[in-house]
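Residue numbers (our numbering): 43 to 139.
Here the structure comes first, spelled out in structure tokens, and everything after it is commentary.
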């Protein structure tokens with residue numbers, strides 16, 4: 043899949059939640075010429091990415107498993123989500139072609 047843009051990683055624990063990089067619940071940021079919405083809450087992590095002029099994708103990784111939107115055409119939201127448990131490491135990604 044070649045995920046080039048890893049901008050957010052989360053490590054969840056039984057007692058605490060540690061966030062690194064640009065991670066924040068309900069974070070929507072302008073990156074790569076598009077909009078990236080990434081969040082984790084209530085056992086669901088998601089990564090949504092929109093670019094109006096390039097083919098793009100979104101992905102989430104839970105533990106060792108990656109869930110991807112696949113390549114999406116310009117002007118359409120790429121969406122990926124998955125469930126996680128308190129012990130899972132989770133990451134969110136976007137990518138451009």
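Don't be surprised by glycine CBs; every beta carbon is placed ideally from N, CA and C.
Model, not experiment: these values are computed from the prediction.
Review point. Based on Cα-Cα distance, which residue from 118, 84 and 104 lies nearest to residue 98?
Key: For the options 118, 84 and 104, the alpha carbon positioned closest to that of residue 98 is the one of 118.
Point to revise | Separation of residue 100 from residue 114, as counted between CA atoms | key: Taken atom to atom, the span from the alpha-carbon of residue 114 to that of residue 100 is near 9 angstroms.
Point to revise | Distance, residue 131 Cα to residue 137 Cα | key: Note on geometry: alpha-carbon atoms of residue 137 and residue 131 lie some 20 angstroms from one another.
**Study point:** Pairwise C-alpha distance: residue 112 and residue 82
**Key:** Whole-angstrom Cα-Cα distance: 20 angstroms.
Check your understanding: Can you tell me the Cα-Cα spacing of residue 92 and residue 109, whole angstroms?
Key -> If you draw a straight line from the Cα of residue 92 to the Cα of residue 109, it comes to about 17 angstroms.
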